[in-house]
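Those protein sequences? They're chains U and D, same order as listed.
When we follow our numbering, the leftmost residue of the first sequence carries the number 105, and every step to the right adds one.
When we follow our numbering, the leftmost residue of the second sequence carries the number 102, and every step to the right adds one.
Note sheet for the following structure.
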Amino acid sequence: MRVSSLQIFNNGVRNMQTGQTNLARSQEQISTGKNLNRPSDDPVAAAQILKFKRELVANETFSENISVSQRRLELEELTLQQIKDAGDRLSELAIRGSNGTMNDQNRAGIAAEVEQVQQFILGLMNTKDSQGEYLFAGAKGHTEPFVANAQGGFDYLGDDEARLIQTGSSSYVQSTDSGRDIFQVVPSDVEVDLLNSVLTPLIPPVVAAPVGFGVSVIAATEVGGTSEFEQYVSANGKQDLSLTVTAAVGATPASYLLADSDGNTLSSGAVPLPVAPAMTSVVDMSPPGLSFDLGDSIANLIDGDVVTTTIRPEQPRHSLLTVAQDLITALKTPITDQTSRELLAADMAKAIDEIGAALDGVLETQTQLGGRLVTLQNQESINADLSIFTQAALSNLEDLDYAAAIAKFSFQEVALQAAQQTFSRVNQMSLFNFL
Amino acid sequence: MAGSISIALQGLSVAQRGFEVASNNIANVNTPGYSRQQIDLSSRAAPEQGVQILSVGRVVDAFATQQHWSSSAAFKSTESFSFFAGQIDDLLANPNTSISAAVDEFFGGLQTGVDDPSSIPNRELIVAQSEALARRFVEIDRQLRAQNDSVNSKLGSSINEVNEMAGLVASLNDKIRLADSRGDAANELKDQRDQLVLSISEQIGGIVQTGTGSTDINLYVGNGQPLVVGGNASNLVIRQGNPDINDVDIVVEVNGKEISVRDQINEGEVGGMLAFRDEVLVPAWNELGRLAIVFADTANQQHQQGVDLDGKMAGNWFADPVNVGDVKAFSSNNSPLSSISNVVIRDSGLLQSSDYQVKFGKNGAFAVTRISDGEIFTQADFAARDLTQPATGYQDMTIDQDVATGQLRLNLDGIDIDLKTSNSLEFSDTDKVLIQPVRFGAELMEVELSSGRELAFASPVRSETAVDNTGTLSTGNIAITDPVQFGDPGDPVSINPPVQIVFNSDGTYNAFDITDPSNPVAYVFDDASAATNRTYQEGAAIAFNGFEVVVSGKPSPGDKVSFTANADAVSDNRNALQLSDLQQQSLVDGATYQDNYGRLVERIGTQTSVSLINLQANETIMLNAESVRNGISGVNLDEEAANIINFQQQYQAASQVINTARNLFETLLSAVG
């Protein structure tokens, strides 16, 4: 084959360039420590690398979430422990208060301490976290959750939301508890709400119920303080009842009918005429142990008018704060006779029971908190394992095998040197040297 | 004797000429395109005898030269393709510019909002992260645009060079023809011309026609449009793309007519750049635009389902991307396109990363071409639009067409194309419209929120199980199906209306509107279903007006759950959780945001690596062709040295002949004398 001189020269140059390109590439790999420096080096691996890096970043975020949650749950745990201790102190005070040897003054002293403990508990229940959010207000983090009301009790103004935090690609942990779930756990007396009370006069239109119209639970008379209606509710559920009062028509006297939501009649009978001067008439309905009062407007009812209402039984819950308030009231009531002495004993017994119930709620949450903290720890170690695994996989794809790379580099160096030497040798050879 | 001298003289002049040719070859050993020359001898017949120089010719092989040209065109094409593709390859995966890394940072930031939804610094950080993400999209778009511009300007300079060289080839054709008629071999001119043809091939490839009954070289581009024919060269002109101004068009002027050869040039640097633009740059641009649109749209939709720190229903997080698309008429159209023609993105989940072309035919016929995969849809592929449905609704694969007044509305791939003529007459046959629904998505991405307080982390619905429930009821995930029912963006959150469900003794439940809590009335369901004795299925979602909620657990008679407007819920993170869940959802063409981006990186990586392999292959082919050509036509110095020795010997021998003849003559004279 014929070869031109320029070709020999160009080939030599090209070989050296190729050698230098390879060396530069190896050098880039060695200096960056990366096997892949651009996606085209290995496109499939490049997509995998993006995925692995994403997993690593997500894992880091989850770990951050876990430590945030841990801090919050630990704060909650600490606060609940303090509340529990304060509750135990309340129990002690109630027991001391029921001691028959105490006089009014002693009890007033106890009441003062109860008040202090109550304020302490209130402060704890309204704890704020580092972000300034109320810890126990549910989602209403800027609303003070426990506030004294005009009736001497305490209202809960937060809501029932718990916050979930992501701790793994598909695992979530509850990082807050609402004050309602933890503290509003002591059942109050059963109450009734009247819904949709209307008066349907003989001549329409329909108007609101008569002034003073109301239904109430007949107070407890049975042993243990459970009223007849409470027993009815616990047996039948808090279903709506309907009450219909029909004014007298001609000779037929006024009557009432109480039915449950399935239409079964619970109580019915005549409504007696109102008694002067108050012009009220309280009608007992037993069972189920309710009474109704048409109020002073009974006189305005004319023949055939019908008053209807829906009675909705409700049993609100209250917190340790209200329990303490009741305790204070009971302790401050002077003992004058045997009845008041017995009442005090009953109030103290009730207070001790209710404190127990309230602290059970706290304990239950504490147990859950413990569980959640363990879950967080487990998740953290899972995430750590996952990180290590992902990093190893990433390193396999991305990182350079230094031994192989340096061996390759040396070989390329030799090849380049050979190319350089042959280039100069070949170019020294010329027939002209011999002319 | 005199004969011998004259023959020897001939030998002397041949040797001299040969010596000249050899020295010329040696002088041109490094001249590009130079073909070595050879002296062509023949012996004279009796009675004169001796030697004569027939010609001094180039040693060339037409086939080898052609091969060199065409392999250079292929090599240059892959070289410029891989040069540009490599730049995008670097751009997309670089951690400092990668979208994927910015998305990670965005969702990482969002998690701090999930952790502490009421924290203002966290909220500001998240807004800043989202701005960084939007900037990242804009920045990559800018870089792609810069690539496009540099391709366009490089195309311009290539075309100018080609025009200049084509002119030179044409004039060389004339000169060579003239020289040929004089019997002049014109070796150097031919070498120059070959070299020019090589350069033109390197730029645009094309067809070279040589040696058919004439000395001319004729060049053709594309499908045979003449570039150089004999002594005439046509001009290639580069024009702004029609109608896409970011594109370019290349036309050749033949007899005053312009013929576009843009799509026919696929070799040489120009071919490589055009292929890069069509196969890498534009698809990447559209893909990025689609990703930006889907990201902004899905984030907006989820964000609008939430309530901000001030208890207001949220608006858009990012600028609404539905109108970023563009509709452009071709300048060759006969019917004017109304400026109210537009393309609107209705369902970002169906979006394709492609441009579309609508081509009209006769009598209202049309064809829609999805350019990314060449899929063509015609009238028969579309059903008629149901006009009783809302005008802004999306109905996949439907048309609403009024042929006579030139109106065509199409729904496909999640976009709503609305075309109208401005003169309210029928679209003309062969009119074409280019639709770019996603191209500008990344460029126009921006954050609309101005403050972290506006981030909607809370759900608009507060669910509350009654405190005295005795069953095990609990509420799960609340899905907002129609955020407008909770108020327009910026309005305080409300609910339409607050609802309470109360369970009956038979396990069914009644739904009440508790706008007035002491006067509950039957809830009016949007779907007109009954409000009483509704069947309860544990764990199934119950659809209320504007939201769905999963209720689970066993109810006791009289148990209640209520759903009210979620005011003051500064610590609620339910919508933030939903927002952060977007990262895991398959929202872009069946993939997550980042998987979609990963696919783009992978695809461009593959294109680049394939082009690098092609580059090596084509380089080898080109080098082989060059070797063959140089092997035939290149100068070898050793050979020339040998030639010099050869001619020197010839000269010495011929001189010796003359000397000997002279001696003989003198001997004869002295013998006589």
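Where is the CB? At the ideal position from N, CA and C, for every residue including glycine.
Model, not experiment: these values are computed from the prediction.
Item	Value
Secondary structure of U:N300, DSSP reduced to three states	strand
Chain D contacts made by the stretch 336–360 of chain U, where a contact means CB separation under 7 Å	G341, K342, Q343
For D:F419: DSSP bridge partner residues	D:V548
Cα-Cα separation between D:I154 and D:I106, rounded to whole angstroms	18 Å
Minimum C-alpha distance to D:A186 - residue among D:S728, D:A742, D:A567, D:G706	D:G706
Buried or exposed by the 16-neighbour rule on C-beta atoms within 10 Å, applied to D:M266	buried
Minimum length 4: unbroken alpha helix (DSSP H) runs contained in the stretch 233–291 of chain D	none
Test: D:R237 CB closer than 8 Å to a CB of chain U	no
Inter-residue spacing [alpha-carbon to alpha-carbon] between U:E237 and U:G245	5 Å
U:R106, buried or exposed, once every other Cβ within 10 Å from all chains shown has been counted against 16	exposed
Sequence-distant residues of its chain with Cβ nearer than 6 Å to D:E720 (five each side left out)	F176
Alpha-carbon spacing of D:M414 relative to D:G640, whole angstroms	28 Å
Range covered by the alpha helix (DSSP H) that runs through U:K436	424–436
Same chain, Cβ closer than 8 Å to D:V758, neighbours up to 5 away in sequence not counted	S105, I106, I108, A109, G112
Of the listed residues D:Q402, D:D497, D:E225, D:T571, nearest to U:V289 (C-alpha basis)	D:T571
D:S335, buried or exposed, once every other Cβ within 10 Å from all chains shown has been counted against 16	buried
CB contact check: D:R635 to chain U, cutoff 8 Å	no
DSSP state of U:E326 mapped onto helix, strand, coil	Residue placement at U:E326 cannot be trusted, given a pLDDT of 49 that sits under 50; the coordinates are not used to answer.
Counted within 10 angstroms of its Cβ, other Cβ atoms place D:Q403 as buried (16 or more) or exposed	buried
For U:T494 and U:Q186, the rounded distance between their alpha carbons	43 Å
U:E326 classed as buried or exposed, judged by whether at least 16 other C-beta atoms fall within 10 angstroms	Note on U:E326: pLDDT 49, under 50, position unreliable in the model; the coordinate value appears next. Flag for U:E326 reads exposed.
U:M229 burial status per 10 Å Cβ neighbour count (16 or more: buried)	buried
U:I456 versus U:A198 - alpha carbon distance	6 Å
Outcome for U:E502 when other beta-carbon atoms lying within 10 angstroms are tallied against a minimum of 16	buried
Within chain U, the residues that D:L290 reaches when beta carbons sit closer than 8 Å	Simply none; closest approach about 21 Å.
Burial state of D:I596, where buried means 16 or more other Cβ atoms lie within 10 Å	buried
C-beta neighbour in chain D for U:V411, strict 8 Å	no
Closest Cα partner of U:A252 within the set U:P357, U:S359, U:A216, U:Q429	U:Q429
Neighbouring residues, chain U, relative to D:D628 (Cβ below 7 Å)	Neighbours of D:D628 on chain U: none; closest Cβ ~25 Å, over 7 Å.
For D:E476, the first and last residue of its enclosing alpha helix (DSSP H)	It is not in any alpha helix (DSSP H) - D:E476 instead sits in the beta strand (DSSP E) that spans 476–479.
D:K358 versus D:V338, D:Y698, D:F377, D:A202, residue with shortest Cα-Cα distance	D:V338
Chain U residues whose Cβ lies nearer than 8 Å to that of D:L738	S109, S534, L535, F536
Same chain, Cβ closer than 6 Å to U:T122, five either side skipped, listed in chain order	none
Pick from U:L347, U:T356, U:T426, U:A519 that is closest to U:N540, judged by C-alpha positions	The question about residue 540 of chain U has no answer here: the residues shown for chain U are numbered 105 through 539.
Bridge-paired residues (DSSP) for D:M414	D:V408
Outcome for U:E132 when other beta-carbon atoms lying within 10 angstroms are tallied against a minimum of 16	exposed
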